[in-house]
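To start, the structure under review is shown below, and the notes come after it.
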Amino acid sequence: MGSVLLAAVIGLAVGVVVGALGAGGGILAVPVLVLLLGQDPHAATASSLVIVLLTALASLVHRARTREVAWRQGLVFALCTTIGGVAGSRASVLVDGDVLLAAFSLLLGSVCVAMARQGLAARRAEDAAAEPVAEPTDEPVADPEEFDLAADATDPSRTRGRAPSTTVLVLAATVTGLLTGFFGVGGGFVVVPILVLALGMGPRRAAGTSLLVMIVASLVGLVSRVDILGTLDWAVTLAFAAGSMAGGLLGGPLSARARASTLTLAFASLLGAVAAVTAGSIVL
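Residue numbering for the sequence shown follows this note's numbering, beginning at 7 and increasing consecutively.
Below, the structure written as structure tokens:
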């Protein structure tokens with residue numbers, strides 16, 4: 007009973023992160039299931055797919071209602087990510103485990119820096135737009151909505167500049183799949199930065215779309231692990247999932263209240279923390 011209650015409480019916290027930032031819950035759930043709840047790593051991976059699937063479904067409801075999901079792009083992205091993931095998984099077995107962790111830490115650190123720079127630029131634009139204009143000026147002022155696709159409720163499909171071409175979308179998704187398959191992690195931590203940095207989505211719309219990608223990826227992952235589903239500790243898994251689903255429902259509205267730059271900077275901080283922990287696990 008104690009482990010079930012602990013799983014529900016921790017799941018609540020993980021769900022808030024997934025709902026607010028669209029981050030892959032698997033990269034948070036797996037360490038918790040192994041280190042705190044004593045699950046076997048292989049079982050923990052399968053359990054995390056169940057948890058991520060249910061949490062993403064719960065979180066997607068709010069995002070869909072607020073029209074913060076790019077359905078067509080999300081489905082294309084998910085399918086191409088799955089294809090790239092197969093190739094990445096096969097390549098990963100050829101690389102030493104410590105090298106994989108070091109490369110993963112470096113990747114997260116690099117994306118953290120890029121997202122932080124994006125968030126700081128968005129924050130400056132928001133602050134500039136909020137200041138009263140004393141006199142007309144010829145200097146262009148950055149539009150904070152440039153960094154937030156969902157800022158204009160009357161046009162939720164708005165993007166920075168032109169919508170990405172199908173070629174760019176397919177290439178970005180395939181690269182994402184290669185990375186997630188190669189490093190063996192959930193896609194959310196890579197999907198959101200790719201959608202923001204490469205495809206020009208705002209952080210809210212990227213977070214909503216990433217949930218759709220996570221649902222497809224989780225279903226594919228569960229099909230490939232169907233043989234071990236009967237060995238899972240379903241009481242702990244479902245308790246974790248229930249808490250995570252509740253947290254996901256809370257995280258969506260929290261995201262809607264936050265500034266776009268705050269979401270981007272929070273995501274960058276989370277990436278930096280995971281990168282530091284991963285690097286530390288190699289040294290220790």
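For glycine and all other residues, C-beta sits at the position ideal for the given N, C-alpha and C.
Since I believe residue j is in contact with residue i (beta carbons under 8 Å), could you give me their beta-carbon distance rounded to a whole number of angstroms?
i, j, result
"Val-219", "Phe-110", "Their Cβ separation, rounded to whole angstroms, is 19 Å, which puts Val-219 and Phe-110 out of contact at 8 Å."
"Ala-245", "Ala-35", "About 12 Å separates the two Cβ atoms, so there is no contact after all."
"Leu-43", "Val-242", "6 Å"
"Val-113", "Gly-227", "Looking at the sequence itself, residue 113 is Leu, so the reference to Val does not match. 20 Å between Cβ atoms; not a contact."
"Ser-261", "Ala-26", "4 Å"
"Met-121", "Ala-274", "4 Å"
"Ala-266", "Arg-210", "7 Å"
"Gly-94", "Leu-175", "Contact doesn't hold; Cβ gap of about 18 Å is too wide."
Helix, strand or coil for residue i, going by three-state DSSP, please let me know.
i, result
"Gln-79", "helix"
"Asp-233", "helix"
"Met-251", "helix"
"Met-220", "helix"
"Gly-286", "helix"
"Pro-150", "Residue confidence is low: Pro-150 scores 43 on pLDDT, short of 50, so the model does not pin down where it sits. Its coordinate-derived value is still stated next. Note: Pro-150 maps to helix in three-state DSSP."
"Thr-72", "coil"
"Ala-35", "helix"
"Leu-225", "helix"
"Val-67", "helix"
"Arg-96", "helix"
"Ala-245", "helix"
"Ala-264", "coil"
"Ala-204", "coil"
"Gly-44", "coil"
So, is residue i buried or exposed, given that buried needs 16 or more other C-beta atoms within 10 angstroms?
i, result
"His-48", "exposed"
"Ala-281", "buried"
"Arg-96", "exposed"
"Gly-257", "buried"
"Thr-270", "buried"
"Gly-21", "buried"
"Ser-171", "exposed"
"Thr-87", "buried"
"Pro-199", "buried"
"Glu-74", "buried"
"Asp-161", "Confidence at Asp-161 is low in this model, with a pLDDT of 37, below 50, so the placement of that residue is unreliable and no value is reported for it."
"Gly-286", "exposed"
"Glu-132", "buried"
What is the residue span of the alpha helix (DSSP H) that residue i lies within?
i, result
"Glu-132", "103-136"
"Val-10", "8-27"
"Gly-183", "172-189"
Would residue i and residue j qualify as a contact pair, given that the criterion is a beta-carbon distance under 8 Å?
i, j, result
"Val-196", "Thr-180", "no"
"Ala-178", "Ala-204", "yes"
"Gln-124", "Val-202", "yes"
"Ser-98", "Gly-187", "yes"
"Ala-52", "Leu-235", "yes"
"Leu-217", "Ala-62", "yes"
"Leu-18", "Gly-253", "yes"
When you measure from the CB of residue i to every non-hydrogen atom of the ligand GTP, does any distance come out below 7 Å?
i, result
"Phe-189", "Ligands displayed in this structure: none; no statement on the ligand GTP is therefore possible."
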